[in-house]
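**Student:** With numbering that gives the first Met the number 0 as the guide, the letters of the sequence shown map in order to residues 0 to 150. Every residue gets a Cβ at the ideal spot worked out from N, C-alpha and C, and that includes glycine. Submitted below is the structure of interest, expressed as structure tokens.
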Amino acid sequence: MKTKPIAEIVAFLQPIAEEVGVEIVDAEWNLRARALTVYIDAAGGVDLNLCEKFHRAIDEPLDEFDPTFGEGYTLNCSSPGLDRPFKTAKDFRRNVGKRIELHFYAPFEGKKYLEGELVSFDGTTVTVKTAEGKKAVPRDKTSKICLLIEV
0 MKTKPIAEIV AFLQPIAEEV GVEIVDAEWN LRARALTVYI DAAGGVDLNL CEKFHRAIDE
60 PLDEFDPTFG EGYTLNCSSP GLDRPFKTAK DFRRNVGKRI ELHFYAPFEG KKYLEGELVS
120 FDGTTVTVKT AEGKKAVPRD KTSKICLLIE V
């Protein structure tokens, strides 16, 4: 199935997202299932009603935009979940002061995993406060950074 690029689709949907009061945090094609999933977030959190409201707002305009060049597809709107990875500088800014977990591609200072309070992010380096003190971690050494979910 031929599709338009995700960046082009997100750019098209951005003004609608702003009208609805949501932020598009990610989008992805599942070509095997012929499905487009748009992940949204909002200041007060995301629930089923907000997903449905956004879905209804983008359904017709997206069909006119024709992201699949006339082929059928399924549109899904979803919350990214509590454990969604940080992808943008905005994700990091929004979570300064919160406890996060960092997963590494290969051991970093002898560890494959680190958790601590997010102090800052400068675009290339994540600084966290751990039990051992502050640690500056190059972003390109991490495979995933997300909120720490404590149970």
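For K1 and C76, I'd like the C-alpha separation in whole angstroms.
**Tutor:** 21 Å
**Student:** So G115 packs on K128, CB below 8 Å; how close in whole Å?
**Tutor:** 5 Å
**Student:** I'd like to confirm the pairing. Which residues does DSSP put opposite E17 in its beta bridges?
**Tutor:** According to DSSP, E17 bridges with nothing at all.
**Student:** Residue range of the beta strand (DSSP E) that E131 falls in?
**Tutor:** Run containing E131: none; DSSP gives neither H nor E here.
**Student:** In the DSSP assignment, what are the bridge partners of R98?
**Tutor:** E116
**Student:** Please state whether DSSP places L12 in a helix, a strand or coil.
**Tutor:** helix
**Student:** Suppose you measure from the CA of Y104 to the CA of E131; what does that come to, to the nearest Å?
**Tutor:** For Y104 and E131, the distance between alpha carbons rounds to 21 Å.
**Student:** Find the nearest neighbour of G43 within the set V19, D65, V150 and F85, judged by alpha-carbon distance.
**Tutor:** Selection V19, D65, V150 and F85 evaluated against G43 yields V19 as nearest (Cα-Cα).
**Student:** Tell me whether D139 is buried or exposed, calling it buried when 16 or more other Cβ atoms sit within 10 Å of its Cβ.
**Tutor:** exposed
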